[in-house]
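Just below is one structure, and these are the notes that go with it.
Chains as they are written, first to last, in my numbering: chain S, 1 to 215; chain U, 216 to 430.
Dropping the structure here:
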C-alpha cells in the first residue's frame with residue numbers, strides 16, 4: 001500500500017483541534033463526506049460487531065431543536081454536518097447471528113461455516129449482565145469516534161467531538177428509542193471559522209515522557 | 216494543509232484488519248514508531264485532560280510473562296510492538312490543576328489566566344462520583360485507540376486492538392498500581408505474516424444503509 005509519510009500524518013494531526021466556531025457558510029463536498037461516512041463504516045469493533053448507528057442530522061429545524069440541549073454549543077447548528085454516534089440497545093445473541101449471516105454473505109461461505117464464530121460471540125455477549133455488555137459496546141463507539149476524527153484530519157476536514165449534550169433529549173427529539181438506539185457522543189464536521197480564537201492557540205499536550213513509558 | 220485524497224484514505228482503511236498473526240521477524244523502523252507515539256500524544260480527549268499513559272512493553276521476557284494472561288493471543292509476543300493503554304487512577308482536581316499549568320506553559324500565559332478553565336474542569340470532575348468519572352475517562356482511552364489504529368493504517372503499519380486479556384494480571388506484572396495507572400485495552404503493531412489466513416478474507420461490514428441514517 002502507498003502509505004503517507006510520518007511528517008504528512010503528523011502535520012494533519014497537529015492541524016486538527018476541537019473547533020469551537022465553524023464557518024456556517026461552508027459545506028463539505030459530497031465526495032469527501034461520502035469518504036467520511038465510509039471511514040465510519042470501516043471502523044474497528046470487538047468481534048466486528050458494529051454495535052452502532054451513525055445518525056446524520058440533516059434538517060436545520062431538527063438541529064435548531066437540539067441546540068438547547070447541547071450546553072449552548074453552536075457547532076451543533078453551525079457545522080456543515082452533525083453526527084450522533086448511537087449505541088444499539090440490548091446487543092446480544094441476535095447481533096451475533098446477524099454478524100454470522102453477514103460474514104457468510106460477504107465471504108461467500110455457507111452460514112454453517114460461521115457457526116463456531118456465532119457461538120463464541122453469543123457466549124461472550126450472553127455470559128455477562130446486559131449493563132456490562134453496554135459498557136463494553138459503548139467503548140466501541142469511541143473507537144469509531146477516534147477513527148472519524150483522524151480520518152477527517154487526514155482529509156483536511158475540521159471536527160469537534162462533543163460529549164456535552166443531554167442524551168435523553170437528543171434521543172427524544174430524534175426518535176432513537178423507537179429505532180432501537182441511544183445517543184452516546186456527537187461529532188460535528190466542517191470548516192473552522194476564520195475568527196475561531198481557538199484555531200491559533202498552540203495545542204496543549206503533556207510532554208511525551210509523561211504519557212509514554214517503555215517498560 | 217495538504218490532505219490525502221478520499222481514495223487514498225479509504226484504500227488504507229480497507230487494507231487495515233485485526234492481524235491475527237504478525238511476522239515476528241519484522242520491526243517497525245524507529246522513525247515510523249516515533250510518529251505513531253506522537254500520534255498517540257496528539258489524541259483528542261475531554262477538556263484535553265489526557266487521562267492516560269501508553270506503556271510500551273519492550274522486554275521480551277515481560278511480553279512472554281503477559282502471554283498466559285492474553286487469552287493465548289500470540290500477537291502479544293510476535294508483533295513488533297505492544298502498547299498497553301492505561302487509565303490514570305482517580306482523575307480529579309489535581310489533574311485539572313496539572314492541565315491548567317501545562318496550558319499556561321504551552322500558551323505562554325500566566326497560570327492565573329487559565330484559572331477559569333481549571334475551575335470549570337475541576338467542577339466537572341468533582342461533581343460526580345469517581346466511578347462515573349472513571350467510565351468517562353475510559354471512553355477517552357478508546358478515542359486514542361481509534362486514533363492509533365487509523366494513524367497506523369495511514370502509515371502502512373498493521374495493528375491488532377485487543378480487549379481479550381486479564382487486566383489485573385497485566386497490572387500486576389507491569390507494576391501499574393504503583394505507578395498510579397490501570398490497563399484498559401491493548402494494541403499490537405507491526406507487519407502481518409505472509410500466512411495470516413485472516414489477511415485475505417474480505418472485510419465484513421453491514422451495508423452502509425444499515426449503519427448510517429440521515430434524519
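Beta carbons: idealized from backbone N, C-alpha and C, even for Gly.
Item                                                                                                                                            : Value
C-alpha distance - residue 397 of chain U paired with residue 382 of chain U, whole-angstrom precision                                          : 8 angstroms
Cβ-based burial, residue 52 of chain S [other Cβ within 10 Å; buried from 16]                                                                   : buried
Residues of its chain near residue 376 of chain U, where Cβ-Cβ distance is below 8 angstroms and the 5 sequence neighbours each way are ignored : 233, 360, 364, 400, 401 and 402
Opening and closing residue of the beta strand (DSSP E) in which residue 397 of chain U lies                                                    : 396-405
Three-state class that DSSP yields for residue 62 of chain S in the structure shown                                                             : helix
Continuous alpha helix (DSSP H) stretch holding residue 366 of chain U: start and end                                                           : 345-369
Buried/exposed call for residue 335 of chain U, threshold 16 Cβ in 10 Å                                                                         : exposed
Partner residues on chain S for residue 385 of chain U, Cβ-Cβ distance less than 8 angstroms                                                    : Neighbours of residue 385 of chain U on chain S: none; closest Cβ ~11 angstroms, over 8 angstroms.
Residue 247 of chain U beta carbon less than 8 angstroms from that of residue 358 of chain U                                                    : no
C-beta atoms of residue 255 of chain U and residue 269 of chain U nearer than 8 angstroms                                                       : yes
Start and end residues, beta strand (DSSP E) containing residue 267 of chain U                                                                  : 267-271
Contact the segment 383-393 of chain U vs the segment 20-30 of chain S: 3+ CB pairs below 8 angstroms                                           : no
Residues bridged to residue 374 of chain U (per DSSP)                                                                                           : U:233 and U:404
Members of the segment 271-297 of chain U that neighbour chain S once the beta carbon cut-off is set at 8 angstroms                             : 271, 272, 273, 274 and 277
Partners in chain S for residue 247 of chain U, counting only beta-carbon separations shorter than 7 angstroms                                  : 6
Reduced DSSP secondary structure (H/G/I, E/B, other) of residue 303 of chain U                                                                  : strand
From U:330, U:323, U:300 and U:332, residue whose alpha carbon lies closest to that of residue 355 of chain U                                   : U:300
Three or more C-beta pairs below 8 angstroms linking the segment 102-114 of chain S and the segment 326-335 of chain U                          : no
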